[in-house]
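Visitor: I have a structure here, written as structure tokens, and I will follow up with some questions on it.
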Amino acid sequence: MNRRILHIDLDAFFVSVEQALASNLKGKPVVVGGRPDRRGVVASASYEARNFGIKAGIPLIRAYRLCPQAIFIQGNFAQYQEASNRFMEIMANFSPHLEPVGLDEAYLDATGTEGIFGHAHELALKIKERIKDELKLTASIGIAGCKVVAKIASDLCKPDGLCEVAPGEERLFLAPLPVSQLPGIGKKTEQRLRELGITTIGQLAKMSPDSLKKYFGASGLILHRYANAIDDRKVEPPAEAKSISRETTFTEDTLDQSFLQATLRYLCEWLGAELRSQGKQAKVVTLKLRYADFETISRRLTLTEASDRDEVIFTAALQLLSRALSWKQKLVRLLGVEVSNLMKGKQLSMLDSETQRLEHLDRAIDRIRRKYGFTSIQTGRTLPLKGV
Ligand code: DCP
Ligand code: CA
């Protein structure tokens with residue numbers, strides 16, 4: 056049976072979320088990544104900024120030189136995570152065969168859904184419309200019989216595009232395109248292929264699998280398959296995460312207890328919020344410390360009862376931190392926390408009134424953060440981080 060696979064990719068994702076929130080940014084060259092006088096690179100550039108040669112990955116200072124009038128924004132990851140969740144929720148309405156890729160991309164297998172949503176092309180239009188109405192974002196969608204061609208199709212029709220490759224036309228569609236359009240072909244492989252006289256996917260498709268294997272090893276065989284539009288990878292929901300972690304590297308190595316504790320609190324609040332948003336509880340908390348000399352240790356503690364509460368995770372992590380610091384007095388370079396042994400649902404014994412009061416507090420803070428961003432509200436324990 057011919058498969059119908061959609062690849063949906065939001066356009067200029069980080070920037071578009073900012074533009075949806077502040078209409079004065081629309082239609083302008085906008086860059087998310089930070090201030091141009093700081094170190095760092097462009098994370099996302101509006102299509103107006105791309106006209107000046109700005110693209111993801113280039114240093115901010117270079118972006119500034121290419122377009123001094125561009126608006127540079129630090130960015131707010133919690134906002135992007137929230138937009139991503141809503142994007143995936145919209146898509147989940149259309150098919151259970153959904154595979155999120157990163158924050159702003161997904162594959163959706165629409166094979167056999169004609170009866171409900173009409174032809175794949177109509178389904179794609181409906182998805183685009185809902186994303187525009189509900190998120191004020193634009194998506195580009197590619198439709199084809201396999202993942203790799205659907206992805207290339209969506210890349211080609213950006214921004215706000217829709218490109219369908221008819222069944223059986225996949226190889227013809229790919230043939231004239233430059234090899235760099237194939238996922239997995241970076242600058243080095245492209246250069247190597249050019250030396251062999253290969254610049255288009257059509258030329259690549261005609262090379263023998265054996266010679267590709269000789270030049271590029273096992274990935275040469277995959278290149279051969281993709282160039283011939285052979286890709287039987289299924290659209291698969293992601294495996295359940297076994298743990299959630301968050302860590303931070305300090306700009307300066309430190310042994311300042313109150314600063315380390317406040318950072319720890321921040322990391323634990325982030326993990327607690329993430330657990331609650333996934334409806335999960337954790338039984339194990341692990342602390343990770345990297346010292347200035349790069350020695351790295353991790354210490355774990357099993358909770359008496361699984362929890363999704365900031366306070367419980369923090370208390371466990373703080374115990375581990377205090378022990379580690381009294382054991383070794385060395386400057387700390389990185390601090391991280393992980394929660395694992397995750398389970399769904401609540402424990403009955405957690406329903407005493409003090410626990411409930413704290414749970415309500417966590418949830419009230421979650422709501423404010425969902426609306427205004429994670430750093431919009433600070434609990435007292437993270438206040439030493441202010442002004443850092
Ligand atoms: N991203 C990042 N750093 C990079 C590349 C991307 O932080 N070097 C982030 C910011 C992007 C998001 O991931 O907004 C999605 O990456 P994409 O490659 O899909 O880029 P965009 O969505 O920004 O643009 P496009 O319209 O080309 O998809
Ligand atoms: Ca994108």
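In terms of our numbering, the sequence shown opens at residue 56 and continues consecutively.
Think of the CB as a built atom: it goes at the ideal place given N, C-alpha and C, for glycine as much as any other residue.
Nothing here was measured: the structure is a model prediction, and the numbers come from that model.
Is the beta carbon of V392 sitting closer than 9 Å to the one on T341?
Guide: Contact: yes.
Visitor: Once you ignore the five residues that flank A230 on each side, which residues in its own chain have a CB closer than 8 Å to its CB?
Guide: Closer than 8 Å at Cβ, skipping near neighbours: T255, I256, G257 and A260.
Visitor: Going along the chain, which residues of its own chain have a beta-carbon closer than 6 Å to the beta-carbon of C212, five neighbours each way excluded?
Guide: Hits under 6 Å: S195 and C218.
Visitor: With H, G and I counted as helix, E and B as strand and the rest as coil, what does DSSP make of D64?
Guide: D64: strand per DSSP, three-state reduction.
Visitor: So if DSSP puts F127 in a beta bridge, which residue, or which two residues, is it bridged to?
Guide: Answer is V86, bridged to F127.
Visitor: In terms of residue numbering, what span does the alpha helix (DSSP H) encompassing R105 cover?
Guide: Its alpha helix (DSSP H) spans residues Y102 to R105.
Visitor: For the segment 200-282, list the alpha helix (DSSP H) runs that are entirely contained and at least 4 residues long, ordered along the chain.
Guide: DSSP runs (the alpha helix (DSSP H)) wholly in the segment 200-282: 202-211, 225-229, 242-250, 256-261, 264-271 and 273-282.
Visitor: Report whether the distance from the Cβ of E160 to the nearest heavy atom of ligand 2 is below 8 Å.
Guide: The answer is yes for E160.
Visitor: Going by the C-beta, is K213 closer than 8 Å to any heavy atom of ligand 1?
Guide: Yes, since a heavy atom of ligand 1 falls inside the 8 Å radius drawn around the Cβ of K213.
Visitor: Using three-state DSSP, classify V443 as helix, strand or coil.
Guide: With a pLDDT of 47 at V443, under the threshold of 50, the predicted position of this residue should be treated as unreliable, and no value is reported.
Visitor: Output the distance between the C-alpha atoms of V443 and T306, rounded to the nearest integer angstrom.
Guide: With a pLDDT of only 47 at V443, under 50, the local geometry of the prediction cannot be trusted, and the value read off the model is given with reservation. V443 and T306: Cα-Cα distance of roughly 10 Å.
Visitor: Between the C-alpha atoms of L376 and F314, what's the straight-line distance to the nearest angstrom?
Guide: Cα to Cα, the separation comes out at about 12 Å.
Visitor: Leaving out the 5 sequence neighbours to the left and right, which residues in its chain are closer than 7 Å to I116 when beta-carbon positions are compared?
Guide: Closer than 7 Å at the Cβ level, and outside the excluded window around I116, lie P91.
Visitor: Figure out for me which residue from I182, Q246, L61 and V220 has the closest Cα to the Cα of V156.
Guide: Checked all of I182, Q246, L61 and V220; the closest Cα to V156 is L61.
Visitor: If we ignore side chains and look at the alpha-carbon of each, how far apart do A133 and S431 end up?
Guide: Roughly 10 Å separates the two Cα atoms.
Visitor: Between D265 and ligand 2, is the CB less than 8 Å from at least one heavy atom?
Guide: The answer is no for D265.
Visitor: Is there contact here, the segment 338-356 with the segment 372-386, by at least three beta-carbon pairs under 8 Å?
Guide: As far as the Cβ criterion goes, the segment 338-356 touches the segment 372-386, which means the pair count is three or higher.
Visitor: Which residues in the same chain have their Cβ closer than 7 Å to the Cβ of Y321, if we skip the five residues on either side of it in sequence?
Guide: The answer, listed in chain order, is T437 and L440.
Visitor: Please go through the same chain and pick out, in chain order, the residues whose beta-carbon is closer than 7 Å to the beta-carbon of T357, but skip the five residues on each side of it.
Guide: Correct list, in chain order: K338 and V339.
Visitor: Would the beta-carbon of A296 fall within 9 Å of that of L397?
Guide: Yes, these two residues count as a Cβ contact at 9 Å.
Visitor: Roughly how many angstroms lie between the CA atoms of L403 and D363, to the nearest whole one?
Guide: Residue placement at L403 is flagged as unreliable, the pLDDT there being 48, under the threshold of 50; the coordinate-derived value follows with that caveat. Taking the straight line joining both Cα atoms gives about 14 Å.
Visitor: Quick one: using the 10 Å Cβ neighbour count with 16 as the cut-off for buried, is P264 buried or exposed?
Guide: Label assigned to P264: exposed.
Visitor: Considering only C-alpha positions, which residue in the set G223, V220 and L278 is nearest to L248?
Guide: The residue with the shortest Cα to Cα distance from L248 is L278.
Visitor: Confirm the yes/no value for this check: CB of G252, any heavy atom of ligand 4, distance under 8 Å.
Guide: Inclusion of ligand 4 in the displayed structure is not the case, the ligand content consisting of ligand 1 and ligand 2 alone.
Visitor: Using DSSP's beta-bridge definition, name the partner residues of S431.
Guide: Paired residues: none, contrary to the question.
Visitor: Take the Cβ of N131 as the centre, count every other Cβ of all protein chains shown within 10 Å, and call the residue buried at 16 or more, exposed below.
Guide: Buried, because 16 or more other Cβ atoms sit within 10 Å of the Cβ of N131.
Visitor: Below 9 Å between beta carbons: does that hold for L232 and L65?
Guide: Their beta carbons are not under 9 Å apart, which means L232 does not touch L65 by this criterion.
Visitor: For F369, which residues in the same chain have their Cβ closer than 6 Å to its Cβ, ignoring the five residues on either side in sequence?
Guide: Cβ neighbours of F369 beyond the five flanking positions: R320 and C323.
Visitor: Per DSSP, what kind of secondary structure is T437 in: helix, strand or coil?
Guide: If DSSP states are grouped into helix, strand and coil, T437 belongs with the helices.
Visitor: Quick check: what's the CA-CA separation for T351 versus R388?
Guide: If you take the alpha carbons of T351 and R388, they lie about 10 Å apart.
Visitor: Need the endpoints of the beta strand (DSSP E) that N140 sits in, please.
Guide: Premise fails: N140 lies in the alpha helix (DSSP H), F132 to A147, not in any beta strand (DSSP E).
Visitor: For the alpha helix (DSSP H) containing L386, list its first residue and its last residue.
Guide: No alpha helix (DSSP H) holds L386; DSSP gives it neither H nor E.
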